Amino acid sequence: MLKRVLAHYASGLCAGTLIAIGGGVFLGCRSMGNVGQIAGAVFFTVALLCICLQGYALYTGRIGFIPEKHDAEALSALFLGLAGNLSATMLWGLAVRYAIPSTAEAADAVAAAKLTQSFPQTLLRATLCGVLMYLAVTVWRDRSKVVAILFCVPAFILAGFEHSIADFFYFSAAAEFSGQMWLFTLAALLGNSVGAMLLPLLASVGKDRRAA
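Residues in the sequence shown are numbered consecutively from 374, following the working numbering.
Structure below.
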(Lines of atoms letter the chains of each structure in order from A and count residues from 1; the text may use other names and numbers.)
(Lines give C-alpha, C1' and ligand atoms only; values in the text may rest on other atoms or scores of the structure.)
Protein backbone atom coordinates (compact mmCIF):
# COMPACT_ATOMS: atom_id res chain seq x y z
CA MET A 1 0.00 0.00 0.00
CA LEU A 2 2.69 2.50 1.04
CA LYS A 3 4.83 1.51 -1.93
CA ARG A 4 1.93 2.22 -4.29
CA VAL A 5 1.25 5.60 -2.64
CA LEU A 6 4.89 6.60 -2.95
CA ALA A 7 5.00 5.45 -6.58
CA HIS A 8 2.01 7.61 -7.56
CA TYR A 9 3.39 10.61 -5.65
CA ALA A 10 6.87 10.16 -7.15
CA SER A 11 5.37 9.97 -10.64
CA GLY A 12 3.60 13.25 -9.91
CA LEU A 13 6.89 14.77 -8.76
CA CYS A 14 8.51 13.75 -12.04
CA ALA A 15 5.71 15.32 -14.07
CA GLY A 16 5.83 18.49 -11.97
CA THR A 17 9.58 18.73 -12.50
CA LEU A 18 9.12 18.61 -16.26
CA ILE A 19 6.37 21.23 -16.12
CA ALA A 20 8.76 23.44 -14.14
CA ILE A 21 11.37 23.01 -16.87
CA GLY A 22 8.84 23.93 -19.54
CA GLY A 23 7.67 26.89 -17.49
CA GLY A 24 11.23 28.02 -16.93
CA VAL A 25 11.88 27.99 -20.67
CA PHE A 26 8.68 29.96 -21.28
CA LEU A 27 9.64 32.60 -18.71
CA GLY A 28 13.17 32.77 -20.08
CA CYS A 29 11.87 33.53 -23.57
CA ARG A 30 9.56 36.37 -22.50
CA SER A 31 12.31 38.99 -22.73
CA MET A 32 12.57 38.37 -26.50
CA GLY A 33 9.22 40.01 -27.29
CA ASN A 34 6.59 38.44 -29.53
CA VAL A 35 9.06 36.04 -31.11
CA GLY A 36 10.10 34.95 -27.64
CA GLN A 37 6.49 34.37 -26.64
CA ILE A 38 6.01 32.05 -29.59
CA ALA A 39 9.32 30.30 -29.00
CA GLY A 40 8.50 29.80 -25.33
CA ALA A 41 5.11 28.32 -26.19
CA VAL A 42 6.68 25.93 -28.68
CA PHE A 43 9.51 24.82 -26.41
CA PHE A 44 7.11 24.30 -23.50
CA THR A 45 6.00 21.20 -25.40
CA VAL A 46 9.18 19.46 -24.23
CA ALA A 47 7.46 19.08 -20.87
CA LEU A 48 4.32 17.28 -22.07
CA LEU A 49 6.24 15.29 -24.68
CA CYS A 50 8.56 13.85 -22.05
CA ILE A 51 5.71 13.32 -19.57
CA CYS A 52 3.74 11.30 -22.12
CA LEU A 53 6.74 9.34 -23.36
CA GLN A 54 7.80 8.48 -19.81
CA GLY A 55 4.26 7.85 -18.53
CA TYR A 56 4.50 10.30 -15.63
CA ALA A 57 1.38 11.35 -13.72
CA LEU A 58 0.28 14.86 -14.71
CA TYR A 59 -3.11 15.80 -13.28
CA THR A 60 -4.24 17.75 -16.34
CA GLY A 61 -3.30 14.84 -18.59
CA ARG A 62 -5.14 12.20 -16.56
CA ILE A 63 -8.30 13.82 -15.19
CA GLY A 64 -9.97 13.50 -18.61
CA PHE A 65 -9.93 9.71 -18.35
CA ILE A 66 -11.73 9.60 -15.00
CA PRO A 67 -15.18 9.30 -16.66
CA GLU A 68 -14.13 5.93 -18.11
CA LYS A 69 -12.35 4.68 -14.99
CA HIS A 70 -13.22 6.24 -11.65
CA ASP A 71 -12.71 3.54 -9.04
CA ALA A 72 -10.94 4.19 -5.74
CA GLU A 73 -7.55 3.21 -7.14
CA ALA A 74 -7.85 5.56 -10.12
CA LEU A 75 -8.94 8.48 -7.95
CA SER A 76 -6.20 7.80 -5.41
CA ALA A 77 -3.57 7.74 -8.16
CA LEU A 78 -4.97 10.95 -9.65
CA PHE A 79 -4.84 12.99 -6.45
CA LEU A 80 -1.52 11.59 -5.27
CA GLY A 81 -0.14 12.60 -8.66
CA LEU A 82 -1.65 16.06 -8.22
CA ALA A 83 0.04 16.38 -4.83
CA GLY A 84 3.33 15.48 -6.49
CA ASN A 85 2.73 17.97 -9.32
CA LEU A 86 2.11 20.84 -6.90
CA SER A 87 5.00 19.89 -4.61
CA ALA A 88 7.50 19.75 -7.45
CA THR A 89 6.38 22.95 -9.17
CA MET A 90 6.48 24.82 -5.88
CA LEU A 91 9.96 23.62 -4.96
CA TRP A 92 11.39 24.19 -8.43
CA GLY A 93 9.68 27.56 -8.69
CA LEU A 94 11.34 28.74 -5.50
CA ALA A 95 14.66 27.27 -6.63
CA VAL A 96 14.47 29.05 -9.98
CA ARG A 97 13.60 32.31 -8.23
CA TYR A 98 16.81 32.01 -6.23
CA ALA A 99 19.05 30.77 -9.04
CA ILE A 100 17.88 32.85 -12.03
CA PRO A 101 16.90 36.43 -11.08
CA SER A 102 15.81 37.32 -14.62
CA THR A 103 13.35 34.44 -14.62
CA ALA A 104 12.07 35.57 -11.23
CA GLU A 105 11.35 39.03 -12.68
CA ALA A 106 9.44 37.48 -15.56
CA ALA A 107 7.49 35.31 -13.11
CA ASP A 108 6.57 38.40 -11.07
CA ALA A 109 5.03 40.00 -14.16
CA VAL A 110 3.19 36.83 -15.20
CA ALA A 111 1.80 36.25 -11.70
CA ALA A 112 0.64 39.85 -11.34
CA ALA A 113 -1.18 39.70 -14.68
CA LYS A 114 -2.92 36.43 -13.81
CA LEU A 115 -4.20 37.78 -10.51
CA THR A 116 -6.10 40.54 -12.31
CA GLN A 117 -8.52 37.90 -13.63
CA SER A 118 -11.84 37.18 -11.96
CA PHE A 119 -12.70 33.65 -10.79
CA PRO A 120 -15.08 33.04 -13.75
CA GLN A 121 -12.48 34.30 -16.24
CA THR A 122 -9.86 31.91 -14.89
CA LEU A 123 -12.38 29.07 -14.80
CA LEU A 124 -13.32 29.56 -18.46
CA ARG A 125 -9.72 29.96 -19.62
CA ALA A 126 -8.75 26.80 -17.74
CA THR A 127 -11.69 24.88 -19.19
CA LEU A 128 -10.49 25.51 -22.73
CA CYS A 129 -6.97 24.49 -21.73
CA GLY A 130 -8.42 21.27 -20.32
CA VAL A 131 -10.06 20.46 -23.66
CA LEU A 132 -6.74 20.87 -25.47
CA MET A 133 -4.85 18.86 -22.86
CA TYR A 134 -7.31 15.99 -23.19
CA LEU A 135 -6.92 15.99 -26.98
CA ALA A 136 -3.13 16.10 -26.79
CA VAL A 137 -2.91 13.17 -24.39
CA THR A 138 -5.67 11.02 -25.87
CA VAL A 139 -4.18 11.19 -29.38
CA TRP A 140 -0.85 10.08 -27.90
CA ARG A 141 -2.47 7.34 -25.80
CA ASP A 142 -4.69 5.92 -28.55
CA ARG A 143 -2.51 6.44 -31.62
CA SER A 144 1.03 6.91 -30.27
CA LYS A 145 1.33 10.16 -32.21
CA VAL A 146 2.85 13.33 -30.74
CA VAL A 147 1.43 15.71 -33.34
CA ALA A 148 -1.45 16.80 -31.07
CA ILE A 149 1.01 17.64 -28.29
CA LEU A 150 3.09 19.75 -30.67
CA PHE A 151 0.05 21.83 -31.63
CA CYS A 152 -2.25 21.77 -28.58
CA VAL A 153 0.35 22.97 -26.07
CA PRO A 154 1.46 26.09 -27.98
CA ALA A 155 -2.21 26.72 -28.83
CA PHE A 156 -3.35 26.95 -25.20
CA ILE A 157 -0.37 29.09 -24.21
CA LEU A 158 -0.71 31.57 -27.07
CA ALA A 159 -4.48 31.76 -26.57
CA GLY A 160 -4.03 32.75 -22.92
CA PHE A 161 -5.72 29.64 -21.53
CA GLU A 162 -4.76 28.57 -18.00
CA HIS A 163 -2.86 25.39 -17.10
CA SER A 164 -3.15 24.93 -13.34
CA ILE A 165 0.14 23.11 -12.79
CA ALA A 166 2.19 25.47 -14.95
CA ASP A 167 0.51 28.43 -13.25
CA PHE A 168 1.48 27.05 -9.85
CA PHE A 169 5.10 27.04 -11.02
CA TYR A 170 4.83 30.67 -12.16
CA PHE A 171 3.31 31.72 -8.83
CA SER A 172 6.01 29.84 -6.91
CA ALA A 173 8.76 31.43 -9.00
CA ALA A 174 7.17 34.77 -8.09
CA ALA A 175 6.94 33.75 -4.40
CA GLU A 176 3.22 34.54 -4.66
CA PHE A 177 1.26 32.52 -2.10
CA SER A 178 -1.54 34.91 -1.20
CA GLY A 179 -5.14 33.88 -0.66
CA GLN A 180 -5.93 35.30 -4.09
CA MET A 181 -3.37 32.94 -5.62
CA TRP A 182 -4.98 29.91 -3.96
CA LEU A 183 -8.39 31.00 -5.23
CA PHE A 184 -6.92 31.33 -8.73
CA THR A 185 -5.41 27.85 -8.43
CA LEU A 186 -8.76 26.40 -7.37
CA ALA A 187 -10.46 28.00 -10.39
CA ALA A 188 -7.72 26.71 -12.71
CA LEU A 189 -7.91 23.17 -11.32
CA LEU A 190 -11.69 23.12 -11.61
CA GLY A 191 -11.60 24.52 -15.13
CA ASN A 192 -8.92 22.08 -16.29
CA SER A 193 -10.95 19.22 -14.83
CA VAL A 194 -14.21 20.28 -16.49
CA GLY A 195 -12.52 20.91 -19.82
CA ALA A 196 -10.62 17.62 -19.85
CA MET A 197 -13.79 15.64 -19.10
CA LEU A 198 -16.04 17.62 -21.44
CA LEU A 199 -15.34 15.84 -24.73
CA PRO A 200 -15.38 12.26 -23.36
CA LEU A 201 -18.63 12.94 -21.49
CA LEU A 202 -20.27 14.44 -24.58
CA ALA A 203 -19.01 11.53 -26.67
CA SER A 204 -20.47 9.04 -24.20
CA VAL A 205 -23.86 10.76 -24.43
CA GLY A 206 -23.72 10.41 -28.19
CA LYS A 207 -22.89 6.71 -27.92
CA ASP A 208 -25.74 6.13 -25.49
CA ARG A 209 -28.20 7.79 -27.86
CA ARG A 210 -27.03 5.73 -30.84
CA ALA A 211 -27.32 2.56 -28.77
CA ALA A 212 -30.89 3.48 -27.81
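From the three backbone atoms N, C-alpha and C, an ideal C-beta is built for every residue, glycine too. Everything numeric in this text was worked out from a predicted model, so none of it was measured.
(request) Please report the Cβ distance between leucine 459 and phenylalanine 541, rounded to the nearest whole angstrom; I am assuming they are in contact, meaning their Cβ atoms lie under 8 Å. (result) Sequence index remark: in the sequence shown, residue 459 carries index 86 (1-based). Sequence index remark: in the sequence shown, residue 541 carries index 168 (1-based). For a cut-off of 8 Å, the C-beta gap from leucine 459 to phenylalanine 541 is around 6 Å, short enough to register as a contact.
(message) Tell me the DSSP secondary structure of leucine 571 in three-state form.
(response) The sequence position of residue 571 within the sequence shown is 198, counting from 1. Of the three classes helix, strand and coil, the one that applies to leucine 571 here is helix, per DSSP.
(message) Along the chain, where does the alpha helix (DSSP H) containing glycine 466 start, and where does it finish?
(response) Locating residue 466 in the sequence shown gives position 93, where the first residue counts as 1. 445 to 472 is the extent of the alpha helix (DSSP H) around glycine 466.
(message) The alpha helix (DSSP H) that contains isoleucine 424, what's its start and end?
(response) In the sequence shown, the residue the question calls residue 424 occupies position 51. It spans 418 to 427 - the alpha helix (DSSP H) in which isoleucine 424 sits, taken as one unbroken run.
(message) Using the three-state DSSP reduction, which class does isoleucine 621 fall into: helix, strand or coil?
(response) Since the first residue shown for the chain is 374 and the last is 585, residue 621 is missing from the structure and cannot be characterised.
(message) Just to confirm before moving on: does the CB-CB distance between leucine 467 and isoleucine 424 stay below 7 Å?
(response) If you number the sequence shown from 1, residue 467 lands on position 94. If you number the sequence shown from 1, residue 424 lands on position 51. Cβ distance not < 7 Å, so leucine 467 and isoleucine 424 don't count as in contact.
(request) Would you kindly check if the distance between the Cβ of glycine 457 and the Cβ of leucine 400 is under 7 Å? (result) Residue mapping note: residue 400 aligns to position 27 of the sequence shown, counting from 1. Residue mapping note: residue 457 aligns to position 84 of the sequence shown, counting from 1. The answer is no: Cβ separation not under 7 Å.
(request) Over the uninterrupted alpha helix (DSSP H) stretch that includes valine 510, give me the two end residues. (result) The residue given as residue 510 occupies position 137 in the sequence shown. 492 to 516 is the extent of the alpha helix (DSSP H) around valine 510.
(message) Quick check on alanine 477 - is its C-beta less than 7 Å from some C-beta in chain B?
(response) Of the protein chains in the structure, only one exists, and it is not chain B.
(request) Determine the direct distance from the alpha carbon of cysteine 402 to that of alanine 472, and round the result to whole angstroms. (result) Taking the sequence shown and counting its residues from 1, the one referred to as residue 472 is at position 99. Taking the sequence shown and counting its residues from 1, the one referred to as residue 402 is at position 29. Roughly 16 Å between the two C-alpha positions.
(request) Name the residue from Phe452, Ala430, Val419, Ala560 whose alpha carbon lies nearest to the alpha carbon of proline 527. (result) Numbered from 1 along the sequence shown, position 154 holds the residue referred to as residue 527. Nearest C-alpha to proline 527: Val419.
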